[in-house]
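Here's the structure we're looking at; comments come further down.
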Amino acid sequence: MRRRARRAADGCRVYGGDLNKLCTKTDVASRSACAAYIEGAADGVFNTIDAIGGTTGPRVGQYFCLPPEARSQQLTDAVRKYIADNPNVAGYNASTAISLGLGKAFPCKSGS
102 MRRRARRAAD GCRVYGGDLN KLCTKTDVAS RSACAAYIEG AADGVFNTID AIGGTTGPRV
162 GQYFCLPPEA RSQQLTDAVR KYIADNPNVA GYNASTAISL GLGKAFPCKS GS
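Next comes the structure, spelled out in structure tokens:
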């Protein structure tokens, strides 16, 4: 009941813990949904940064830098590992958990 109230209050629909539960399921549909959610969130971060003028502003940084050869499973593994290693992230909204997990696994080099 509290979680529903919190979701209604903050507008967040999916939390890191929810995403982790989805990503640990073994059926094809859940695995596909997990990968699609993570890739969509990553695309959203890049599009938002681009829309506000790139990473040159005083409060904007590049959260993660995915190599061209990065595969969907690598992204999923990175996010799941980050949530497992940082249980408090289960209460964050899923896109934040994704950004943090990908940032840990795929940090940007200086000047990126």
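Here the sequence shown is numbered in the working numbering, starting from 102 and rising by one per residue.
Ideal Cβ placement from N, Cα and C applies to all residues, glycine included.
- For Y138, the enclosing alpha helix (DSSP H) has its first and last residue at 129 to 152.
- Shortest Cα-Cα distance from Q174 to any of T125, G145, A195 involves T125.
- The residue among A171, N194, L201, R172 with its C-alpha nearest the C-alpha of K182 is L201.
- Of the residues assessed, S133 falls on the exposed side of the cut-off, its CB having fewer than 16 other CB atoms within 10 angstroms.
- Take the alpha-carbon of K122 and the one of A152: they are about 32 Å apart.
- Beta-bridge partners assigned by DSSP to Y116: N194.
- In the DSSP annotation of this structure, K210 is not part of any alpha helix (DSSP H), being labelled neither H nor E.
- Taking the C-beta atoms as reference points, F165 is found nearer than 8 Å to C209.
- Between the alpha carbons of G204 and I150 lies a gap of roughly 15 Å.
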